[in-house]
Amino acid sequence: MIGDDIHQLAKILWPINRSITGDGVRKTLHILKNFHTNLEIYEIPSGKKVFDWIVPKEWNVKEAWVEGPDGKRILDFANNNLHLMGYSIPVNATFELEELDKHLFSLSNQPNAIPYVTSYYTERWGFCITHNQRKKLKPGKYKVHINSTLQSGSLTYGELIIPGESSKEIFLSTYVCHPSMANNELSGPTVTIYLAKWLESLKNRRFTYRIIFVPETIGSITYLSQHYKHLKEHVVAGFNITCVGDNRNYSYLPSRDGNTLSDQVANHILKWTDKNFKTYTWNDRGSDERQYCAPGIDLPIASIMRTKFAEYSEYHTSLDNLENVVTPEGLKGGYSALRHALEAFENNCYPEVTVLGEPHLSKRGLYHTIGTKVRDKYVGLMMNLITYSDGKTSLLTIAEKCNVPIWDLYSILNTLSAHKLVNKHDSLIMDNSIRHLNLKVSN
0 MIGDDIHQLA KILWPINRSI TGDGVRKTLH ILKNFHTNLE IYEIPSGKKV FDWIVPKEWN
60 VKEAWVEGPD GKRILDFANN NLHLMGYSIP VNATFELEEL DKHLFSLSNQ PNAIPYVTSY
120 YTERWGFCIT HNQRKKLKPG KYKVHINSTL QSGSLTYGEL IIPGESSKEI FLSTYVCHPS
180 MANNELSGPT VTIYLAKWLE SLKNRRFTYR IIFVPETIGS ITYLSQHYKH LKEHVVAGFN
240 ITCVGDNRNY SYLPSRDGNT LSDQVANHIL KWTDKNFKTY TWNDRGSDER QYCAPGIDLP
300 IASIMRTKFA EYSEYHTSLD NLENVVTPEG LKGGYSALRH ALEAFENNCY PEVTVLGEPH
360 LSKRGLYHTI GTKVRDKYVG LMMNLITYSD GKTSLLTIAE KCNVPIWDLY SILNTLSAHK
420 LVNKHDSLIM DNSIRHLNLK VSN
């Protein structure tokens, strides 16, 4: 099952310490490259100006731990990479508990969870600990050792271009900057690389697919600073892919515009995937859609998710794991919803009937030759598709009018096309004379 394969890849990536820069991102991207060799990996140097931001120094960690008064380690980065606050500077000193406590982070309302805490743009250090463990700490001297580096290096991202018949692009983005968390991190890149494998397997692709694996926020800003003019000209739809691995909810976060092709497809697909899917507003944004839909960028990017980020209790904690939160079944659901959406992009068109009046279906073997009052559902759907095929109404809109999932129309449309009863147009912009020539009178 596809969900099992994706889950297994997530297990491989799980122990890697990822951040917005560093060797963890590189290792993750090189593993993903094994699944799609055309994935290109790029390095952007620290200090480079990207829009209103600067690419930060590169951060790496060799080891980090805290020893208690009895000489035993109470916190160890090697046991759980969430224990160390992201981007902690080097430390090798001894502190009284009162001073150490200023550098500890825990969650009183989730006493068994290790929180995820970062300090990317202000230099400091810290450790994350369960609240239950924190309450048990005894007065005394604690030895703190953080063997990390924060120096000029680079920001790393991956880009995959899968060409299609058109230069128009579908844009998919996911992030690779969180340490060991499952739904909020690993579900995105693992589902995305398997979507890329499926796209590559297609014999024909209508669109070109641009797929990127970036550190969240600074990575998408960096990428946009290099490519936004091209993206504004070529991207017709796309998704920011995150939180697609749990088995609880389906969610939709709109683009800033709210009515792009991405929004229309997302709403349609989710309606037929889970009638109880949850719709959010642009004010609920929080991931890289903020950058892709920013004023002046204005890309048509929406989000199809399982349970949305910040809307589940395990979010940004050690409880967001591959056992209780992200499951093979959940990953399969996220993959399937997004694949249905990409199939909708590929198959959506403006069908136009080629005959005047209702076509004679029975002579083509498409309609029963004995008339009864019982109407065949398939034939009824075919007739509805024909009646809406005016060359001005998209297949997606026709599916909505017929109250069926768009995928129910694919085979019917292909059958009608094979019998030369319907032409499939890519856009509304057609020369009227050509449109007239496509019409012929049925005998």
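Residue 8 in numbering that gives the first Met the number 0 sits at position 9 of the sequence shown; the count goes up by one each step and never skips. Every residue gets a Cβ at the ideal spot worked out from N, C-alpha and C, and that includes glycine. Note that this is a predicted model, so its numbers are computed, not measured.
* **L318, DSSP secondary structure in three states** => coil
* Could you round the C-beta distance between I169 and L341 to whole angstroms and report it? I think they count as a contact, below 8 angstroms. => Under the criterion of beta carbons closer than 8 angstroms, I169 and L341 qualify as touching, at roughly 7 angstroms.
* Using only alpha-carbon positions, find the residue among F206, P404, D22 that is nearest to Y269. => The sequence given here has Leu at residue 269, not Tyr. With distances taken between Cα atoms, L269 lies closest to P404.
* Asked: Thinking C-alpha only, which one of V264, K26, P214 is nearest L337?
  -> V264
* Closest by CA to A301, which one among T259, E232, L380, I53? -> Nearest of T259, E232, L380, I53 to A301, Cα basis: T259.
* To do: Tell me the start and end of each unbroken beta strand (DSSP E) in the segment 78-138 that is at least 3 residues and wholly inside, in chain order.
  => 90-95
* When we look at the beta-carbon of K331 and count the other beta-carbons within 10 Å, is it buried (16 or more) or exposed? -> Of the residues assessed, K331 falls on the buried side of the cut-off, its CB having 16 or more other CB atoms within 10 angstroms.
* I think D22 touches N59, with their Cβ atoms under 8 angstroms apart; what is that distance to the nearest whole Å? -> 5 angstroms
* **Which listed residue (Y409, L12, N37) has its alpha carbon closest to that of G187** => L12
* CB of P253 within 8 angstroms of CB of W271, strictly -> no
* C-alpha gap between Y41 and G163, whole angstroms -> A direct Cα-Cα distance of roughly 23 angstroms separates Y41 from G163.
* Which of the three DSSP states, helix, strand or coil, is assigned to K48? -> DSSP places K48 within a strand segment (E or B) once states are collapsed to three.
* Tell me which same chain residues have a C-beta within less than 7 angstroms of the C-beta of F308, skipping the five on either side of it? -> N183, T241, C242, G285, S286, Y314
* How is N203 classed by DSSP in three states: helix, strand or coil? -> Taken through DSSP and simplified to helix, strand or coil, N203 comes out as coil.
* **Neighbour-count burial assignment, N442, 16 or more Cβ in a 10 Å radius** => Residue placement at N442 is poorly supported in this model, since its pLDDT is 31, which falls under 50; the coordinates still yield a value, given next. Looking at its Cβ environment, which holds fewer than 16 other Cβ atoms inside 10 Å, N442 is exposed.
* Does DSSP classify I15 as helix, strand or coil? -> If DSSP states are grouped into helix, strand and coil, I15 belongs with coil.
* L230: which of N346, I19, L171, L31 sits nearest, CA to CA? -> L171
* To do: Compare the Cα-Cα distances from V387 to each of K71, E215, S166, N422 and report the closest residue.
  => The sequence shown places Tyr at residue 387, not Val. Out of K71, E215, S166, N422, N422 has the C-alpha closest to the C-alpha of Y387.
* Spatially closest choice to E97 from Y115, G67, Y86, N323, by CA coordinates -> G67
* Span of the alpha helix (DSSP H) holding N183? -> N183 -> no alpha helix (DSSP H), and no H or E assigned at all.
* To do: For H144, collect the residues of the same chain with a Cβ closer than 6 angstroms to its Cβ; drop the 5 residues on either side in sequence, then sort them by chain order.
  => W64, N91
* To do: Could you say if the segment 174-182 and the segment 215-223 meet the contact criterion of at least three C-beta pairs nearer than 8 angstroms?
  => yes
* To do: Whole angstroms is fine: what's the gap from L391's alpha carbon to D245's?
  => Before going on, a small fix: residue 391 reads as Lys here, not Leu. Taken atom to atom, the span from the alpha-carbon of K391 to that of D245 is near 39 angstroms.
* To do: Using DSSP bridges, identify the partner residues of W64.
  => D75, H144
* Burial state of H316 (16 or more Cβ within 10 Å) -> What sits at residue 316 in the sequence shown is Thr, not His. So T316 ends up on the buried side.
* Note down, in chain order, each residue of its chain lying with its Cβ closer than 7 angstroms to the Cβ of N16, except the 5 sequence neighbours on either side. => G23, V60, N80, P178
* Could you have a look at T326 and say whether DSSP puts it in helix, strand or coil? => coil
* Asked: Can you pull the DSSP bridge partners for I240?
  -> Paired residues: none, contrary to the question.
* Whole beta strand (DSSP E) elements within the segment 333-366, 3-residue minimum -> 349-352
* **Proximity to S361 [Cα-Cα], best of M304, D389, L420** => Cα-wise, what sits closest to S361 is L420.
* Asked: Would the beta-carbon of T207 fall within 8 angstroms of that of S165?
  -> yes
* Asked: Between the C-alpha atoms of Q150 and P89, what's the straight-line distance to the nearest angstrom?
  -> Distance from the CA of Q150 to the CA of P89, rounded to the nearest whole angstrom, comes to 11 angstroms.
* To do: Report the three-state DSSP secondary structure of N246 (helix, strand or coil).
  => coil
* To do: Tell me, please, which residues DSSP counts as bridged to M304.
  => Partner(s): S250.
* Near K32, what residues of its chain come up, given a Cβ to Cβ distance below 8 angstroms and the 5 sequence neighbours on each side ignored? -> L38, I40, G157
* **Helix, strand or coil at G157 according to DSSP, with G and I counted as helix** => DSSP, read as helix, strand or coil, puts G157 in strand.
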